[in-house]
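If you count the sequence shown from 1, position 218 lands on 218 in the UniProt record's numbering, and the numbers rise without skipping.
The beta carbon of each residue, even a glycine, is placed where N, CA and C say it ideally should be.
Values in this document were obtained by computation on a predicted structure and should not be read as measured data.
All remarks here apply to the structure that follows.
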Amino acid sequence: MQCATATRTASAVCARPRVQRAARCSAAENGAAGTATAVKERKPSPLQRGGTLQGAAAAGKDASEKFKSMAEGAQSTGPVLQLVEGRFSDYRWKNGRWDLSLFKGADGETDWDAVIDAEMARRKLLEDSPIPCTNEEPVLFDTAEIPWWAWVRRFHLPEAEKLNGRAAMVGYVLALFVDQLTGVGLLDQQNSFLGKVLLHIAVFGILFIRSSSDLEKFKGLIDEATFYDKQWNATWEGQERPSE
């Protein structure tokens with residue numbers, strides 16, 4: 001009897017740790033399931049939602065009209081400057097042309113700078129990823145529809161201002177150098193024939209050489225002009241030319 005009682009006691013003692021381990025494992029599994037449920041039910045943060053503001057308010061405080069329009073465009077119902085199924089797609093591009101009514105500025109007039117930006121971006125996109133042109137979807141937009149004064153204001157005026165500033169600085173430095181070297185003042189240089197010649201040289205030099213990259217361009221033109229002569233002379237190397 002004592003031996004049977006001792007055996008049952010030992011079995012109960014040995015089984016107790018197994019029951020405790022099983023209980024801990026079950027509790028851990030339940031905790032993991034509860035954590036997973038809590039993670040699934042957690043709402044996305046503002047950073048995950050892309051911010052708490054939308055539309056023009058997302059552009060920030062005291063934002064310019066350009067950034068406000070960009071922020072509003074991001075909330076549009078259509079794509080912006082994309083290639084969808086091998087076709088150019090933009091919510092402002094309708095029937096092969098830009099819908100100018102969607103390029104209105106704050107004053108209600110057409111923002112031609114935005115039209116130029118969109119057309120430049122469209123051509124750059126198609127240049128990087130060419131797509132076939134079909135008669136079913138012809139491109140009807142022509143850059144000639146943009147007024148001439150918009151092109152002048154966008155490209156020519158900034159370039160003219162830059163060139164005028166460079167010509168003035170170079171001319172003034174050269175005139176100051178001549179004044180220090182010869183003692184002839186600025187007014188006397190302007191009235192003299194030599195001074196006028198040097199002034200024209202400075203102005204036309206600035207027009208032809210606007211930046212250091214222009215030097216490489218002219219060098220390439222010179223190499224191209226003499227390329228065929230060099231190629232012709234190379235064919236006669238090691239041979240005797242007939243007398244002319």
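- Residue pairing by DSSP places Arg97 opposite Lys94 in a beta bridge.
- In its chain, beyond the 5 residues on either side, no residue has a beta carbon closer than 7 Å to the beta carbon of Ser243.
- In the three-state scheme derived from DSSP, where H, G and I count as helix and E and B as strand, Ser243 is classed as coil.
- With contacts defined by Cβ atoms closer than 8 Å, Leu125 and Leu194 do not form a contacting pair.
- Where Phe88 is concerned, the enclosing beta strand (DSSP E) starts and stops at Arg87 to Ser89.
- Runs of the alpha helix (DSSP H) lying entirely within the segment 92-162, each at least 4 residues long, are 112-128 and 148-151 in chain order.
- Cβ-Cβ distances below 7 Å link Val184 to Val178 in the same chain, with the five nearest sequence neighbours on each side left out; the list follows chain order.
- Around the C-beta of Arg92, 16 or more other C-beta atoms lie within 10 Å, and the residue is accordingly described as buried.
- When secondary structure is reduced to three states using DSSP, Val203 falls in the helix class.
- By DSSP's assignment, Val184 forms no beta bridge with any residue.
- The three-state secondary structure of Val80, taken from DSSP, is coil.
- By the Cβ criterion, the segment 167-174 is not in contact with the segment 121-139, since fewer than three pairs of Cβ atoms, one from each stretch, lie closer than 8 Å.
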